[in-house]
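Q: Pasting in a structure now, in C-alpha cells, and then I'll have a few things to ask.
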Ligand SMILES: [Zn+2]
C-alpha cells in the first residue's frame, strides 16, 4: 500500500518516535516494511521514516544506491549503496570531520539546503527478523541513515541549517505547512484527517 507522505507542519514529524514492541506480530511488521518500501520507491526517495507516513514508530528504510551513483564523479573510493530496513535504531557514534551536502526531504518538497554531517557512524539496529546488529556506515549511506534517524528523533534537516538560511526558506516552509505544496506523489497536510 502506498501511503501519502506527511508534509512539513504536521506534529508527527516533530515527535520522538516510540520503539516497535518485541511482541508486534511478524506479519504486521512485514506489512509495514513492505508498505514503507513501496511508498519510498513510488516517491523516488532514497529513504523514508515511519513518521513520514504518520506512524510514530522507530523504523526507517533506505536505498542509497541512486545517491551513490549520483556521486560517482568525485575522487572518493567507489561506494555502493544499500537497501535496508532499520528497526529501533540507536546511534552509537558519529565521528570524523563534518562535510556539507545539499539534502532534500519528501516531507519538505521544493526545499534543498546544505547540511553538515559527520562521515562515519556506528548504528545498532534490528533487522526485519528482529536480529540485532551493530554496524559501521560511511559517506553517502551514512548521511541517508543520519537523515532518516533524525526523523525518528523529531528532527528535520531544516532544523540543522543556520538561522540566516532558515530565514530565507521560512516563507516556503509556511506555505507547505498551510497545504500549498505540490509533489509528484500524494502529500498529507496537518489538519487533514483520515488517509
Ligand atoms: Zn526526510
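Residue numbers (the UniProt record's numbering): 1 to 195. All C-beta atoms, glycine included, are put in the ideal place defined by N, C-alpha and C.
Is residue 106 near ligand 1, with its Cβ less than 8 Å from a heavy atom?
A: Yes, since a heavy atom of ligand 1 falls inside the 8 Å radius drawn around the Cβ of residue 106.
Q: Are the CB atoms of residue 152 and residue 49 within a distance shorter than 9 Å?
A: Closer than 9 Å, so yes.
Q: Return the CA-CA distance between residue 13 and residue 109, expressed in angstroms with no decimal places.
A: Roughly 14 Å between the two C-alpha positions.
Q: How about residue 86 and residue 145: are their beta carbons less than 9 Å apart?
A: In contact: residue 86 and residue 145 (Cβ atoms closer than 9 Å).
Q: Would the C-beta of residue 146 count as close to ligand 1, meaning under 8 Å from any of its heavy atoms?
A: No, Cβ of residue 146 sits at least 8 Å from all heavy atoms of ligand 1.
Q: Looking at residue 167 and ligand 1, is the gap between the Cβ and the nearest heavy atom below 8 Å?
A: It does not: the Cβ of residue 167 is nowhere closer than 8 Å to a heavy atom of ligand 1.
Q: Considering only their Cβ atoms, is the gap separating residue 61 from residue 91 smaller than 9 Å?
A: Their beta carbons are not under 9 Å apart, which means residue 91 does not touch residue 61 by this criterion.
Q: If we call anything under 9 Å between Cβ atoms a contact, is residue 143 one with residue 103?
A: Closer than 9 Å, so yes.
Q: Identify, in the order they occur along the chain, each residue of the same chain with its Cβ nearer than 6 Å to the Cβ of residue 54, setting aside the five sequence neighbours on each side.
A: Taken in chain order, the residues that qualify are 6 and 12.
Q: Could you tell me which whole beta strand (DSSP E) segments of length 3 or greater appear in the stretch 69-115?
A: Runs of the beta strand (DSSP E) inside the stretch 69-115: 83-95 and 99-103.
Q: DSSP beta-bridge partners for residue 177?
A: Beta-bridge pairing links residue 177 to no other residue.
Q: Could you check what DSSP says for residue 143 in three-state terms: helix, strand or coil?
A: Residue 143 falls in the helix class under three-state DSSP.
Q: Identify the continuous alpha helix (DSSP H) that holds residue 42 and give its terminal residues.
A: Start and end: 26-42.
Q: Where does residue 68 land, buried or exposed, given buried means 16+ other C-beta within 10 angstroms?
A: The residue is buried, with at least 16 neighbouring Cβ atoms inside 10 Å.
Q: Look up residue 10 in the DSSP assignment and say whether it is helix, strand or coil.
A: Residue 10 falls in the coil class under three-state DSSP.
Q: Using 8 Å as the cut-off, classify the Cβ of residue 24 as near or not near the heavy atoms of ligand 1, replying yes or no.
A: Outside the cutoff, so no.
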